[in-house]
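Okay, so here's the structure we're looking at.
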Amino acid sequence: MTPGRITVLVLAALALIFIFENTASTEIRLLVPLVTMPLWLALLAVGIIGALVGGYFMRRRR
Numbered sequence: 159m160t161p162g163r164i165t166v167l168v169l170a171a172l173a174l175i176f177i178f179e180n181t182a183s184t185e186i187r188l189l190v191p192l193v194t195m196p197l198w199l200a201l202l203a204v205g206i207i208g209a210l211v212g213g214y215f216m217r218r219r220r
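According to our numbering, the sequence shown is numbered sequentially starting from 159.
As structure tokens, then:
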């Protein structure tokens, strides 16, 4: 394992801990509708979207 991979794994573990510690419900405005959902689900969805977008742009750079 390279130091870069270890760093990524540690950051991913910290992100998951942060996500699943925030279990309260929150209101999120999605353009027009107001959606009530658990905060952990919103954080996880944004993290997944960010990872997909980052992976897409990293693949296009090569």
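Beta carbons are placed, not taken as given, at the ideal position from N, Cα and C, and that holds for glycine. Just so you know, these numbers come straight off a predicted model, no measurement behind them.
Checking 9 angstroms against the spacing of the C-beta atoms, do residue i and residue j come in under that value?
| i | j | result |
| --- | --- | --- |
| alanine 173 | glycine 205 | yes |
| leucine 197 | alanine 182 | yes |
| leucine 199 | phenylalanine 176 | no |
Give the DSSP-derived three-state secondary structure of residue i in the structure shown.
| i | result |
| --- | --- |
| leucine 167 | helix |
| methionine 216 | helix |
| alanine 182 | coil |
What does DSSP give as the partner residues of residue i in its beta bridges?
| i | result |
| --- | --- |
| arginine 187 | Leu192 |
Tell me, to the nearest whole angstrom, how far the beta carbon of residue i is from that of residue j; I am working on the premise that it is less than 8 angstroms.
| i | j | result |
| --- | --- | --- |
| methionine 195 | isoleucine 207 | Methionine 195 to isoleucine 207, Cβ: 15 angstroms. No contact. |
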